[in-house]
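Written below as structure tokens is the structure these notes are about.
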Amino acid sequence: IEKEMNILDVWFESGISNEAVLKKRIDLHWPADLYVEGSDQHRGWFQSSLLVSVGYQDKAPYKAVLTHGFVVDEDGRKMSKSLGNVVDPLSVIKQSGADILRLWVASSDFTTDVAISPEILKRTSEAYRRIRNTLRFLIANLYDFDKDMKVSYDKLREIDRWALAKLQVLNEKVTKSYEDYKFHQVFHAIYNFSVVDMSSFYLDVSKDTLYTEAPDSKKRRSAQTVLYKLLSVIARLLSPILAFTSEEVWQYLPFGKDVESVQLAEWPATEKNLIGKALDEKFSRLHEVRDEVLKALEEARVAKIIGNPLEAKVSIEGKGEIVKFLESIKNELAELFIVSEVRIGKSEGKIAYSSDRVKGLKVFVEKTKHLKCERCWRYVDELTTEGKFTGLCKRCAQVVREIVKA
């Protein structure tokens with residue numbers, strides 16, 4: 084290789100580079116799918132490439148152009164050795180792993196200057212940890228699940244169908260954001276789904292089912308069916324960003340790995356038929372009430388009325404439609420709120436919380452007088468006194484009997 088000294092013009096030479104690169108290599112094609120450079124190249128490489136190409140073949144050398152800002156420190160200053168604010172990517176990879184660096188890039192809005200600092204990387208690591216914990220939970224609860232145990236959609240629990248619907252909404256949003264190069268929106272969508280919709284609600288509510296129901300019960304298999312779907316789809320949605328983590332997750336899928344690597348897997352299709360307006364509206368209302376109940380439970384815990392939510396008896400007062408709504412699902416509320424008792428109507432207990440968000444809603448919390456099951460920790464009005472099943476609630480006693488027989 085010899086250095087070429089015969090240069091007509093640096094901008095002309097760079098502008099014509101697509102001709103030498105894209106048309107001469109059999110593994111590439113012309114025009115390029117995407118040109119990527121800093122915002123200073125609008126009147127530089129982008130323009131010279133466009134002018135030269137249009138000038139001699141009436142067509143742009145690229146299908147799309149993406150411009151990005153520059154990396155700065157947390158105070159908005161340019162990276163400089165003299166300022167001592169340069170962050171070495173290799174040191175970040177060595178300390179935290181390549182996926183943390185990739186996640187920092189993806190979570191930043193590259194249309195403006197992008198800040199980096201130890202504190203910013205620390206926050207990125209925390210966000211990564213929370214997403215990873217969700218994935219770990221999914222994997223841990225699929226240890227005894229295989230394809231023959233899947234429950235058909237029409238037999239899934241309502242909350243499981245809701246989780247599948249939310250997954251389809253996520254899939255559609257993430258796919259569109261990738262196509263539009265809005266990677267920070269991809270990150271925020273997956274993060275909020277993992278932490279808010281899944282960890283703080285669906286997975287939290289499902290723990291009792293996963294941990295204490297009979298291993299082969301329809302209720303538990305219904306939850307596992309959805310957990311498997313969540314894991315399979317999220318691994319693929321994350322694969323362009325968290326390349327190493329998604330690969331690790333893919334290897335733990337209990338079945339359905341028709342290709343060796345997640346990077347070779349088909350992109351998940353959005354199943355729009357699983358998205359239902361009525362189901363979404365129901366759980367949106369439920370979320371509102373549940374958030375208020377959780378605030379009341381926290382106030383009761385701080386006041387030492389209860390030690391944990393399962394010790395609570397919750398009474399809810401309200402007006403109009405909200406009462407009718409809660410009455411229609413009153414048998415599900417204790418499980419959804421993760422408490423031992425819920426009643427709708429007036430209470431003589433202390434008002435723990437009067438809601439500003441849900442008009443007319445009042446939540447009363449008092450310590451239940453019921454008895455604690457030694458297995459599921461729920462409080463019930465009666466415990467079994469039958470031999471080795473003594474101290475268990477009726478449900479747990481029946482589950483243990485089935486396990487012993489098996």
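Plus 83 on top of the position in the sequence shown (first one is 1) and you've got our numbering.
Glycine included, each C-beta is placed from N, C-alpha and C at the ideal position.
Check residue i in the structure and name its three-state DSSP category.
| i | result |
| --- | --- |
| Arg426 | strand |
| His453 | coil |
| Ser208 | helix |
| Val138 | Here residue 138 is Gly; the residue named in the question, Val, does not match the sequence. DSSP places Gly138 in helix when its eight states are reduced to three. |
| Leu149 | strand |
| Tyr274 | helix |
| Lys259 | helix |
| Phe420 | helix |
| Ala143 | coil |
| Ser437 | strand |
| Tyr462 | strand |
| Lys249 | helix |
| Val197 | strand |
| Phe447 | strand |
| Ala103 | helix |
| Lys355 | helix |
| Lys471 | helix |
| Lys230 | helix |
| Val169 | coil |
| Val155 | strand |
| Ala223 | helix |
| Lys238 | helix |
Would you kindly check if the distance between the Cβ of residue j and the Cβ of residue i is under 8 Å?
| i | j | result |
| --- | --- | --- |
| Ala379 | Tyr462 | no |
| Val269 | Ser282 | no |
| Thr328 | Asp182 | yes |
| Trp460 | Leu393 | yes |
| Ser300 | Arg240 | no |
| Phe153 | Lys230 | no |
| Tyr274 | Ala361 | no |
| Ala411 | His453 | Sequence inspection shows Ser at residue 411; the Ala mentioned does not correspond to that position. No, they are not a contact pair. |
| Ile222 | Tyr335 | yes |
| Ala348 | Phe266 | no |
| Glu202 | Glu262 | no |
| Ser235 | Ser208 | no |
| Ala248 | Asp363 | yes |
| Arg373 | Phe408 | no |
| Glu375 | Ser438 | yes |
What distance in whole Å lies between the Cβ atoms of residue j and residue i, which are believed to be in contact at a cut-off of 8 Å?
| i | j | result |
| --- | --- | --- |
| Thr353 | Ser277 | At roughly 18 Å, the Cβ-Cβ gap does not stay under 8 Å, so Thr353 and Ser277 are not in contact. |
| Glu120 | Trp128 | 6 Å |
| Ala318 | Arg185 | About 15 Å separates the two Cβ atoms, so there is no contact after all. |
| Ser136 | Asn101 | 7 Å |
| Ile421 | Val288 | 7 Å |
| Val483 | Phe472 | 6 Å |
| Phe228 | Tyr311 | 6 Å |
| Ala395 | Lys429 | About 17 Å separates the two Cβ atoms, so there is no contact after all. |
| Arg443 | Gly474 | For clarity, residue 443 is Gly in the given sequence; the question names Arg instead. Wrong, their Cβ atoms sit about 41 Å apart, outside the cutoff. |
| Leu320 | Asn414 | At roughly 35 Å, the Cβ-Cβ gap does not stay under 8 Å, so Leu320 and Asn414 are not in contact. |
| Val492 | Glu371 | It is not possible to answer for residue 492, since the shown part of the chain is limited to 84 through 489. |
| Ala198 | Gly159 | 7 Å |
With burial defined as no fewer than 16 other Cβ atoms inside 10 Å of the residue's Cβ, what is the status of residue i: buried or exposed?
| i | result |
| --- | --- |
| Lys256 | buried |
| Val316 | buried |
| Lys205 | exposed |
| Val397 | buried |
| Asn224 | buried |
| Ile389 | buried |
| Trp333 | buried |
| His125 | exposed |
| Asp280 | buried |
| Leu111 | exposed |
| Glu425 | The residue you asked about is not Glu; residue 425 is Val in the sequence shown. Looking at its Cβ environment, which holds 16 or more other Cβ atoms inside 10 Å, Val425 is buried. |
| Pro144 | buried |
| Asp243 | buried |
| Arg213 | exposed |
| Gln346 | exposed |
| Thr468 | exposed |
| Gln140 | exposed |
| Ser191 | buried |
From what residue to what residue does the beta strand (DSSP E) around residue i run?
| i | result |
| --- | --- |
| Ile176 | Note, Ile176: premise wrong, no beta strand (DSSP E); alpha helix (DSSP H) at 172-179. |
| Ser398 | 395-400 |
| Val372 | Per DSSP, Val372 belongs to no beta strand (DSSP E); it is in the alpha helix (DSSP H), 360-385. |
| Val119 | 118-121 |
What residue range is occupied by the uninterrupted alpha helix (DSSP H) comprising residue i?
| i | result |
| --- | --- |
| Glu404 | 404-411 |
| Ile486 | 477-488 |
| Thr292 | 286-295 |
| Leu321 | 301-321 |
| Phe193 | That residue, Phe193, is in no alpha helix (DSSP H); it is neither H nor E in DSSP. |
| Gly98 | 93-98 |
| Tyr335 | 326-335 |
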